[in-house]
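Before any comments, here is the structure.
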Amino acid sequence: MAQFENRLRALRHELHQNPELGFQEDWTKARIAQHLRGLGIETHEGVGVVGVLRAGKGNKAIGLRADFDALPITEANTFAHRSLNDGVMHACGHDGHTAMLLGAAELLAKAQDFDGTVVLLFQPNEEHGLGAKAMIDEGVLTRFPIEEVYGAHNLPGEPVGRISTRPGFICASESLFEIEIRGTGGHASMPQAGRETLTPGAELVLALQTIVSRKLPPSSGAVVSVTEFISDGQRNVLPGHTRIKGEVRARSSDDRSQAEYHLRQIAAGIGTSHEVDISVEFRTEFIEAVNDDDVATRVAEVARSLGLETDGNRPPMSFSEDFAYFADAVPGCFLLMGNGTEGAHGRPLHSADYDFNDDLLPIGASFWAELVRRRLPLNG
Numbered sequence: 365m366a367q368f369e370n371r372l373r374a375l376r377h378e379l380h381q382n383p384e385l386g387f388q389e390d391w392t393k394a395r396i397a398q399h400l401r402g403l404g405i406e407t408h409e410g411v412g413v414v415g416v417l418r419a420g421k422g423n424k425a426i427g428l429r430a431d432f433d434a435l436p437i438t439e440a441n442t443f444a445h446r447s448l449n450d451g452v453m454h455a456c457g458h459d460g461h462t463a464m465l466l467g468a469a470e471l472l473a474k475a476q477d478f479d480g481t482v483v484l485l486f487q488p489n490e491e492h493g494l495g496a497k498a499m500i501d502e503g504v505l506t507r508f509p510i511e512e513v514y515g516a517h518n519l520p521g522e523p524v525g526r527i528s529t530r531p532g533f534i535c536a537s538e539s540l541f542e543i544e545i546r547g548t549g550g551h552a553s554m555p556q557a558g559r560e561t562l563t564p565g566a567e568l569v570l571a572l573q574t575i576v577s578r579k580l581p582p583s584s585g586a587v588v589s590v591t592e593f594i595s596d597g598q599r600n601v602l603p604g605h606t607r608i609k610g611e612v613r614a615r616s617s618d619d620r621s622q623a624e625y626h627l628r629q630i631a632a633g634i635g636t637s638h639e640v641d642i643s644v645e646f647r648t649e650f651i652e653a654v655n656d657d658d659v660a661t662r663v664a665e666v667a668r669s670l671g672l673e674t675d676g677n678r679p680p681m682s683f684s685e686d687f688a689y690f691a692d693a694v695p696g697c698f699l700l701m702g703n704g705t706e707g708a709h710g711r712p713l714h715s716a717d718y719d720f721n722d723d724l725l726p727i728g729a730s731f732w733a734e735l736v737r738r739r740l741p742l743n744g
């Protein structure tokens, strides 16, 4: 087992040193495919990488998913396996997710102690919510049909190896909005002579904060955040153009639709009152991730059977995960694995000084392998 753990650690470090951004992960895809073929696993390359592992005569198939893209962050860590690619870093632990699933593939390929088919889904570009949908649009679930699908993410700040999930909603959707305000600029000493756009922009920023609490109840968990305010004004020039950007997080498609409706209504009203033109672009990149009740219960049972600290009804998360597209197509479960609380392992995701915890690698690999044995049992 020590040799297995050392191999996983070395693989994870290699992936960490060679991070690539979404839909640019050519080296990573090739390395995953090479590793799968080295294990004798049927391998297919497309938008992502798919490994197909069969044992026995069972007809049931399940999917296990791992993401492998990195982030445009300059790594602050100084350890030997730090990023070799300037300005790009595995700051979300996708290197570890991939290594854990490859580790599970090794355990299952060697033992063949299950009955059915395991489809290993290695996915690009999770960070922009595009990779899972791209694989589905390419036909991955048609070509490799599965009855259940599972995905996991490491969670800094929780004890290493702690498994947590919940039935039903688990991760919020993310919708991006961009609002363009067009008027006529002018001299700062004569604002009445034009239709400047800063004032309606400022009013709009404040009004958007009333969507949650005045239109949607605070208990909905929805969030409306303005993140950018850009104008073409100068010290003594009133702007004739202002752009506002932000995002909406929601726990249901209905709340998401309501937030968009009220955002557009508020923008239209302010545009009319200030006699400026306002246009709104609203697009959803991540849909809500919703776990199947029965599948989520099975995940908690497997974790407990391995003696892992387990929470089968954790609070829902406000971050987004494009695993949601897989779980929308097939009954699925998204779960969190504790990454530890100390040092780089406890730093928030997307931090320049974060690192995936190598101690989680054998735990995660063993968890995936045991999940397969339970869901595709011999003599089942």
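First residue of the sequence shown? That's 365 in this note's numbering, and the numbers climb one at a time after it. Think of the CB as a built atom: it goes at the ideal place given N, C-alpha and C, for glycine as much as any other residue. Since we're looking at a predicted model, the values are computed, not measured.
Tell me the DSSP bridge mates of residue i?
i, result
"ALA653", "CYS535"
"ALA516", "LEU699"
"GLY550", "LEU602"
"SER528", "ASP675, LEU700"
"PHE368", "Paired residue(s): none; PHE368 is not in a bridge."
"GLU406", "VAL416"
"HIS589", "Here the sequence assigns Ser to residue 589, which means His is not the residue at that position. Answer is GLU611, bridged to SER589."
"PHE387", "For PHE387, which the question treats as bridged, DSSP gives no partner whatsoever."
"ARG647", "LEU540"
"VAL576", "LEU580"
"ARG429", "LEU485, GLY515"
"ILE545", "THR606, ILE642"
Tell me which same chain residues have a C-beta within less than 6 Å of the C-beta of residue i, skipping the five on either side of it?
i, result
"VAL612", "SER539, VAL588, ALA623"
"LYS393", "VAL413"
"GLU406", "VAL416"
"PRO695", "GLU512, ASP656, VAL659"
"PRO680", "PHE533, ILE534"
"ARG678", "SER528, ARG530"
"ASN600", "ALA552"
"GLU470", "LEU403"
"GLY676", "ALA664"
"ILE651", "SER537, ALA688"
"ASN382", "TRP391"
From residue i to residue j, what does the alpha carbon distance come to, in whole angstroms?
i, j, result
"GLY467", "HIS461", "10 Å"
"ASP720", "ARG371", "The sequence given here has Phe at residue 720, not Asp. Looking at the two C-alpha atoms, the distance is approximately 16 Å."
"ASN449", "ARG395", "16 Å"
"MET499", "GLN556", "54 Å"
"GLU439", "GLY420", "45 Å"
"HIS445", "ARG647", "37 Å"
"GLY521", "PHE443", "21 Å"
"GLY550", "ASP641", "16 Å"
"ARG526", "GLY702", "5 Å"
"GLU649", "SER537", "8 Å"
"LEU385", "ASP723", "25 Å"
"ARG628", "ARG429", "36 Å"
"PHE593", "ALA693", "37 Å"
"ALA374", "ALA586", "41 Å"
"ILE543", "ILE634", "12 Å"
"ASP717", "LEU435", "13 Å"
"PRO582", "PHE478", "46 Å"
"GLY610", "PHE387", "24 Å"
"MET365", "LEU735", "19 Å"
Can you tell me whether residue i is helix, strand or coil according to DSSP?
i, result
"SER595", "strand"
"LYS421", "coil"
"GLU756", "Lying before the first or after the last residue shown, residue 756 is absent from the chain, which here runs from 365 to 744."
"ALA614", "strand"
"SER684", "coil"
"ASP722", "coil"
"VAL694", "coil"
"LEU435", "strand"
"ASP641", "strand"
"PHE731", "helix"
"ARG559", "strand"
"LEU740", "coil"
"GLY521", "coil"
Leaving out the 5 sequence neighbours to the left and right, which residues in its chain are closer than 7 Å to residue i when beta-carbon positions are compared?
i, result
"ALA653", "ILE534, CYS535, GLU685, PHE687, ALA688, ALA691, PHE698"
"ALA475", "none"
"GLU639", "ARG559"
"ARG737", "ASP477, PHE478"
Check the Cβ-Cβ distances between residue i and every residue of chain C, and say whether any is below 7 Å.
i, result
"ASP657", "Checking the listed chains, one finds no chain C in this structure; it contains a single protein chain."
Does at least one heavy atom of the ligand FMN sit under 6 Å from the Cβ of residue i?
i, result
"GLN598", "Ligands in the displayed structure: none, and consequently the ligand FMN is not present."
query: Quick one: complete beta strand (DSSP E) runs, 3+ long, within the segment 438-511?
result: 480-487
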